[in-house]
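Residue numbers (this note's numbering): 1 to 455. C-beta: ideal position from N, C-alpha, C; glycine also. Quick caveat, the model's predicted, so the values are computed rather than measured. Worksheet for the structure shown next.
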Ligand code: ZN
């Protein structure tokens with residue numbers, strides 16, 4: 001039986017700009033009709049103020065939400081990404097599938113309340129505490145899928161292939177034992193992941209070599225060929241040490257090395273890609289791949305600043321992700337992406353272009369790139385797309401008296417968090433009055449898990 005929903009939006013951001021009085025017909029979670037300057041049909045659900053296409057979150061490790069704020073002290077050595085990674089390894093040593101589901105659900109609630117309606121979960125914590133696979137090798141991925149089912153977020157699950165400790169197929173460390181698979185077990189993991197998401201509406205499974213450090217170069221074309229239509233994600237060139245190790249072991253910079261060993265095209269999402277040579281940046285922009293930028297995590301970890309200005313000028317595609325989930329919010333990621341460019345270049349409105357403000361351009365670019373990276377028809381209010389909608393709180397002080405680009409710019413730049421009123425995913429309301437419909441239960445379960453883990 002077809003499920004139908006009529007919506008009437010006071011104002012909406014459509015692919016070609018802002019429109020008023022927008023009526024949407026939705027069937028089985030998909031937008032089937034869009035009419036502008038229309039009167040609300042009888043019985044339609046009305047959304048006041050400005051409604052945006054929900055933003056896809058193209059990169060996250062949801063379990064890391066549980067350790068947010070635990071690694072802000074200085075270690076004995078020079079503090080960096082690598083000491084943070086040690087804290088992360090110790091934390092995840094204690095997690096089981098139920099804990100992972102509880103933490104993931106809490107992170108997803110915060111994502112939905114923060115304007116993210118789709119999630120590409122880069123999932124690498126697979127095995128039991130001793131490093132042996134669970135009876136169901138995809139038990140952890142199944143926990144992530146269950147959290148998506150509970151919260152309603154649209155899921156692209158990316159089971160991660162992790163084999164080695166560093167470039168040149170170095171042996172993995174003890175802290176990495178729960179991530180490790182060979183090609184045979186990885187294939188079973190992908191199949192298990194496909195089963196895990198089968199009952200979720202419009203979910204996808206992609207593939208993900210963790211990084212050039214963690215797989216052999218021959219694994220890259222192999223993994224891309226496993227499922228020829230699905231997204232392929234990889235961490236690359238996040239840290240200068242990774243660039244230095246890559247050059248010293250292989251004689252090539254990371255993105256150069258990646259592109260030499262596999263065809264990088266629209267299926268690919270290169271996470272971070274912070275440290276690029278001019279030639280790498282040009283080649284990546286030309287490839288059609290998406291740069292998966294995680295500005296808040298990259299700032300928190302001291303990674304560096306992506307050169308969005310030159311990459312955009314070369315036609316490069318971007319999307320944003322909440323990665324470590326140290327802080328969760330669509331507005332905050334876009335704001336910091338723009339601000340990092342301004343701080344470096346000492347100029348304003350770098351993402352703006354003639355006639356289009358920075359907030360609007362950022363939102364639309366990140367929707368398009370995020371949708372591509374998730375491998376789903378999301379990120380736009382148009383026929384054929386999922387009905388993933390975020391309506392802004394028209395009575396929020398930052399938005400009062402504003403519409404169209406002033407409203408969106410104010411939501412991104414003039415409010416601490418994106419002022420969200422309601423969120424609909426696949427035609428289903430999941431956030432009302434700024435709060436997720438199951439927020440209290442999910443937060444209470446999360447609280448019990450964290451109290452136990454930190455005790
Ligand atoms: Zn990551």
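Taking the alpha helix (DSSP H) that residue i belongs to, which residues open and close that run?
i	result
residue 297	295-300
residue 310	308-313
residue 358	358-374
residue 195	183-197
residue 406	404-413
residue 248	240-250
residue 97	97-113
Are the beta-carbon atoms belonging to residue i and residue j less than 7 angstroms from one another?
i	j	result
residue 269	residue 292	yes
residue 236	residue 255	yes
residue 214	residue 138	no
residue 368	residue 375	no
residue 431	residue 422	yes
residue 311	residue 267	no
residue 117	residue 388	yes
residue 62	residue 120	no
residue 180	residue 159	no
residue 351	residue 344	no
residue 59	residue 18	no
residue 97	residue 161	no
residue 203	residue 155	yes
residue 56	residue 371	yes
residue 419	residue 396	yes
residue 207	residue 157	no
residue 238	residue 303	yes
Who are the Cβ neighbours of residue i in its own chain at under 6 angstroms, not counting the five residues just before and after it?
i	result
residue 13	52
residue 26	5, 387 and 427
Let's test the definition: count the other Cβ atoms within 10 Å of the Cβ of residue i and tell me whether it reaches 16, buried, or not, exposed.
i	result
residue 67	buried
residue 102	buried
residue 108	buried
residue 39	exposed
residue 454	exposed
residue 82	exposed
residue 65	buried
residue 328	buried
residue 353	exposed
residue 416	exposed
residue 253	buried
residue 260	exposed
Please name the residue or residues paired with residue i in a DSSP beta bridge.
i	result
residue 166	170
residue 395	Residue 395 pairs with nothing; no bridge assigned.
residue 51	12 and 391
residue 118	56 and 154
Within a Cβ cutoff of 7 angstroms, which residues of the same chain sit near residue i, ignoring the five residues on either side of it in sequence?
i	result
residue 201	29 and 426
Sorted by chain position, which residues of the same chain lie with C-beta nearer than 8 angstroms to residue i's C-beta, five sequence neighbours on each side aside?
i	result
residue 257	212, 217, 246 and 250
residue 164	170, 171, 172, 213, 214, 215 and 216
residue 41	6, 8 and 23
residue 383	31, 32, 33 and 34
Since residue i is in the beta strand (DSSP E), which residue starts that stretch and which ends it?
i	result
residue 6	4-14
residue 268	268-272
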